[in-house]
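**Q** Mind having a look at this structure? Questions to follow.
Numbering (my numbering), first residue to last: 19 to 210.
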């Protein structure tokens, strides 16, 4: 039989005699006195409970349980009754239910407020981007309009050609063809 080798990693001992802490490895988890829970899972559970408590189904079931409780403790034989007339145990159970329901509902509301705050922030950023895009497009359209004021449009060219054709069709008394008078150049075609 072959003896097993010790495969555990040896930690070098420092000057103080204590083992040195390895910085390339995470520390082992510490034992805690308080129980640990996942806050996200607890929040989801509280939201489910709050959704249940806020329904008509819960009210109907709660009313049915209370009616059965009262009927059982009034109409059942004395040996089977567990909560006599002042129904102190029923009051205790309802108080316990209310004492747990209120914080769970508040926790669910706080989580919803956090989600709403994040959504509001995202909406605000999206609105800022939309406004910036709109302003950019407005400036671009204004620049295009200014540029179009200097560009010859189809209607302007057509009107200029119509003026030239009229000028060609109406000869001058001396027989020369002249550009229309409203044309800025106003020079004679026959001078060429």
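Just so you know, even glycine gets a beta-carbon here, dropped at the ideal spot from N, CA and C. None of the values given here were measured: they were computed from a predicted structure.
Taking the Cβ atom as the reference point for each residue, do residue 91 and residue 108 lie within a distance shorter than 9 Å?
**A** yes
**Q** With a 10 Å radius around its C-beta and 16 neighbouring C-beta atoms as the bar for buried, classify residue 122 as buried or exposed.
**A** buried
**Q** Is residue 76 helix, strand or coil when you go by DSSP?
**A** helix
**Q** What residue range is occupied by the uninterrupted alpha helix (DSSP H) comprising residue 57?
**A** 57-71
**Q** Along the chain, where does the alpha helix (DSSP H) containing residue 129 start, and where does it finish?
**A** 106-167
**Q** In whole angstroms, give me the CA-to-CA distance for residue 49 and residue 138.
**A** 40 Å
**Q** Residue 58 to residue 77, Cα distance in whole Å?
**A** 27 Å
**Q** Would you identify the three-state DSSP class for residue 175, choosing helix, strand or coil?
**A** helix
**Q** At the level of alpha carbons, what is the spacing between residue 202 and residue 173?
**A** Confidence is the limiting factor: at residue 202 the pLDDT is only 48, short of 50, which leaves the residue's position unreliable, though a coordinate-based value still follows. For residue 202 and residue 173, the distance between alpha carbons rounds to 18 Å.
**Q** So, for residue 95: in the same chain, excluding its five sequence neighbours on each side, which residues have a beta-carbon less than 6 Å away from its beta-carbon?
**A** none
**Q** Do residue 100 and residue 88 have their beta-carbon atoms positioned less than 9 Å apart in this structure?
**A** Their beta carbons are not under 9 Å apart, which means residue 88 does not touch residue 100 by this criterion.
**Q** Can you check whether the CB of residue 125 is closer than 9 Å to the CB of residue 82?
**A** no
**Q** Please report the Cβ distance between residue 71 and residue 119, rounded to the nearest whole angstrom; I am assuming they are in contact, meaning their Cβ atoms lie under 8 Å.
**A** 5 Å
**Q** Is the CB-CB distance between residue 130 and residue 65 below 9 Å?
**A** yes
**Q** Quick check: what's the CA-CA separation for residue 60 versus residue 80?
**A** 24 Å
**Q** So, helix, strand or coil for residue 89, using DSSP?
**A** helix
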